[in-house]
Ligand code: AHG
Ligand code: MN
Ligand code: MN
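Numbering (this note's numbering), first residue to last: 27 to 351.
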C-alpha cells in the first residue's frame with residue numbers, strides 16, 4: 027500500500043510542505059495515543075478554564091493544543107499558528123514559510139463517551155510582509171489553502187487530506203507508525219438519502235432551512251419523493267468522514283440564538299478545511315449564500331454557516347435559499 031510521502035510527491039507537493047505535514051502528523055499520532063489511553067492516563071473530563079470563545083476546555087483540548095503547538099513551533103517551517111484554543115495567533119519561526127490553523131480536538135464533548143473525535147487543520151503560505159504575531163495574515167479566503175485535512179481518532183486512526191489534487195484517505199498502521207493510502211481519490215456520491223443536522227435547534231433556524239428539512243422529513247409523501255435517514259455524531263469530523271465515504275449532506279446553518287454567532291462552526295479551522303476536502307472529492311460546500319472557500323475572514327475565530335456534502339443534495343438545498351420558499 028502506498029505511503030503518505032509518495033502520494034504527496036505524486037501530487038506535486040513541495041518538499042518543505044511535505045516535511046511540515048509529516049511534522050503535524052507526528053503531533054496527531056501523539057494525540058491519537060493520548061486519546062486511546064483515556065481514563066488510564068487521567069486525560070478525560072474538563073479543566074476549570076474557558077477558551078476565548080467562552081467554551082469550557084476539556085483536558086484533551088488543552089493537551090492536544092499543546093502537542094500541536096510545540097510540534098509546529100519547533101519545526102521551523104511555520105511562521106505562526108492559529109488555534110481554536112488560543113486567544114490570538116502564536117508566533118513561531120519568523121523565517122517560516124507557512125501558516126497553520128487548527129482545531130486540535132473537534133467534538134471534544136465526545137471524549138466522555140468514547141466516541142468519535144479528531145483534529146482538523148489547514149495550511150496556507152505565510153505572506154513575506156507579515157510579522158509572526160500579526161493575525162491579519164490569517165485573514166485569507168479558503169481558496170488560498172495549499173493543504174487541508176483531518177485526523178479522525180476512531181476505531182482506526184484515519185487521515186483525510188488534500189493538497190488540491192484530489193482527496194485521499196489514509197489509515198494509520200500502528201505497527202510501524204505510518205499513514206497508508208487506503209482510500210485514494212475519494213469521490214462523494216452525487217445523490218444521497220442521508221442528512222446530518224442538529225434538529226434540536228429547529229426553532230432557531232431560518233425559513234429556508236425549516237422548509238428544506240421539512241421536505242426531507244416528509245419522505246416519500248413529500249416533494250422529494252423518497253425517505254431520508256438522519257445521523258448526528260456531534261463531531262463535525264465524524265459527520266464529514268461519513269459523508270466523504272458514503273455521501274450525505276451535513277449542515278450547521280445560521281441560527282437566531284445569538285446574533286454574534288452566525289452558525290456554530292469556525293471558518294479557518296473547521297469550515298474551510300472540510301470545504302476543501304469536500305470540493306476535491308466532487309462535493310459542494312456553501313454557506314447558503316456563497317461558496318465557503320470564498321468567504322473573506324474578518325477575524326481568526328469567525329463563525330460561518332455550513333452546508334456540505336453530495337453535489338445534487340447541496341444544490342437542491344440551495345434552491346430553498348434562492349426562492350426563500
Ligand atoms: P469543538 O468540539 O471543536 O468545539 O466542535 C464541536 C462542533 C462540531 O464538531 C459539531 O458538529 C458541533 O460542534 C456539534 O454541535 P451540537 O452541540 O449542536 O451538537
Ligand atoms: Mn470543532
Ligand atoms: Mn475543538
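Where is the CB? At the ideal position from N, CA and C, for every residue including glycine.
(request) Give me the Cα-Cα distance between residue 189 and residue 34, rounded to the nearest whole angstrom. (result) Residue 189 and residue 34: Cα-Cα distance of roughly 8 Å.
(request) Compare the beta carbon distance of residue 111 and residue 83 with 8 Å and say whether it is the shorter of the two. (result) Taking 8 Å as the Cβ cut-off, residue 111 and residue 83 qualify as a contacting pair.
(message) Across the stretch 259 to 266 and the stretch 291 to 303, are there enough close Cβ pairs to call them in contact, namely three or more that are closer than 8 Å?
(response) Because the criterion of three Cβ pairs below 8 Å is met, the stretch 259 to 266 and the stretch 291 to 303 touch.
(request) Provide the residue(s) that pair with residue 312 in DSSP beta bridges, ordered along the chain. (result) 317, 333
(message) If you measure between the beta carbons of residue 164 and residue 145, is that distance less than 8 Å?
(response) no
(request) Count the other C-beta atoms from every protein chain shown that fall within 10 angstroms of the C-beta of residue 231, then say buried if there are 16 or more, exposed otherwise. (result) buried
(request) Note down the Cα distance separating residue 335 from residue 317, rounded to an integer number of angstroms. (result) 13 Å
(message) For a minimum of 3 consecutive residues, which ranges assigned as the beta strand (DSSP E) are wholly contained in the stretch 256 to 302?
(response) Listed in chain order, the complete beta strand (DSSP E) runs (minimum 3 residues) inside the stretch 256 to 302 are 275 to 278.
(message) For a minimum of 3 consecutive residues, which ranges assigned as the beta strand (DSSP E) are wholly contained in the stretch 60 to 133?
(response) Listed in chain order, the beta strand (DSSP E) elements of length 3 or more contained wholly in the stretch 60 to 133 are 72 to 76, 82 to 84, 104 to 109, 124 to 132.
(message) Within 10 Å of its beta-carbon, does residue 201 have 16 or more other beta-carbons around it, so buried, or fewer, so exposed?
(response) exposed
(request) May I ask which residues mark the beginning and end of the alpha helix (DSSP H) holding residue 139? (result) Element bounds for residue 139: n/a, residue is neither H nor E.
(message) Less than 8 Å between the beta carbons of residue 290 and residue 329, yes or no?
(response) yes
(message) Any heavy atom of ligand 2 closer than 7 Å to the beta-carbon of residue 110?
(response) yes
(message) Tell me which residues share the same chain as residue 90 and place their Cβ nearer than 7 Å to its Cβ, disregarding the 5 neighbours each side in the sequence.
(response) 57, 130, 131, 145
(message) Below 7 Å, is the gap between the Cβ of residue 262 and the nearest heavy atom of ligand 2?
(response) The nearest non-hydrogen atom of ligand 2 is less than 7 Å from the C-beta of residue 262.
(request) Drop a sphere of 10 angstroms on the beta-carbon of residue 18, count the other beta-carbons inside from all chains shown, and report buried for 16 or more, exposed for fewer. (result) The first residue shown for the chain is 27 and the last is 351, placing residue 18 beyond what the model contains.
(message) Using the three-state DSSP reduction, which class does residue 48 fall into: helix, strand or coil?
(response) Note: residue 48 maps to helix in three-state DSSP.
(request) Could you spell out the range, first to last residue, of the beta strand (DSSP E) harbouring residue 241? (result) Premise fails: residue 241 lies in the alpha helix (DSSP H), 233 to 243, not in any beta strand (DSSP E).
(request) Measure the C-alpha to C-alpha separation of residue 344 and residue 133 and round it to an integer number of angstroms. (result) 27 Å
(message) Cutting at 6 Å between CB atoms, please list the residues of its own chain near residue 199, excluding the five before and the five after it.
(response) 206
(request) With a threshold of 7 Å, establish whether the CB of residue 135 neighbours any heavy atom of ligand 1. (result) Yes, ligand 1 has a heavy atom inside 7 Å of this Cβ.
(request) State yes or no: is the C-beta of residue 293 nearer than 7 Å to some heavy atom of ligand 3? (result) no
(request) Taking residue 30 as part of the alpha helix (DSSP H), name the residues at either end of that continuous run. (result) 30 to 36
(message) Would residue 280 and residue 314 qualify as a contact pair, given that the criterion is a beta-carbon distance under 8 Å?
(response) yes
(message) Among 162, 338, 102, 254, whose alpha-carbon lies nearest the alpha-carbon of residue 50?
(response) It is 102 whose Cα lies nearest to the Cα of residue 50.
(message) Within 10 Å of its beta-carbon, does residue 249 have 16 or more other beta-carbons around it, so buried, or fewer, so exposed?
(response) Exposed is the call here.
(request) Pick out whichever of 46, 181, 293, 65 has its Cα sitting closest to the Cα of residue 100. (result) For residue 100, the nearest C-alpha among the options comes from 46.
(request) Label residue 186 either buried or exposed according to how many other C-beta atoms from any shown protein chain fall within 10 Å of its C-beta, with 16 as the threshold for buried. (result) buried
(request) Spell out the partners DSSP gives residue 199 in its beta bridges. (result) 204
(request) Between the Cα of residue 287 and those of 92, 178, 80, 217, spot the shortest distance and give me the residue it belongs to. (result) 80
(request) Give the DSSP bridge partners of residue 214, in chain order. (result) Residue 214 pairs with nothing; no bridge assigned.
(request) Sort out for me which residues DSSP pairs residue 150 with in a bridge. (result) 125
(request) Thinking residue 30 and residue 196 are a contact (beta carbons under 8 Å), I'd like their distance in whole angstroms, please. (result) 6 Å
(request) Could you tell me the boundaries of the beta strand (DSSP E) in which residue 173 lies? (result) 173 to 179
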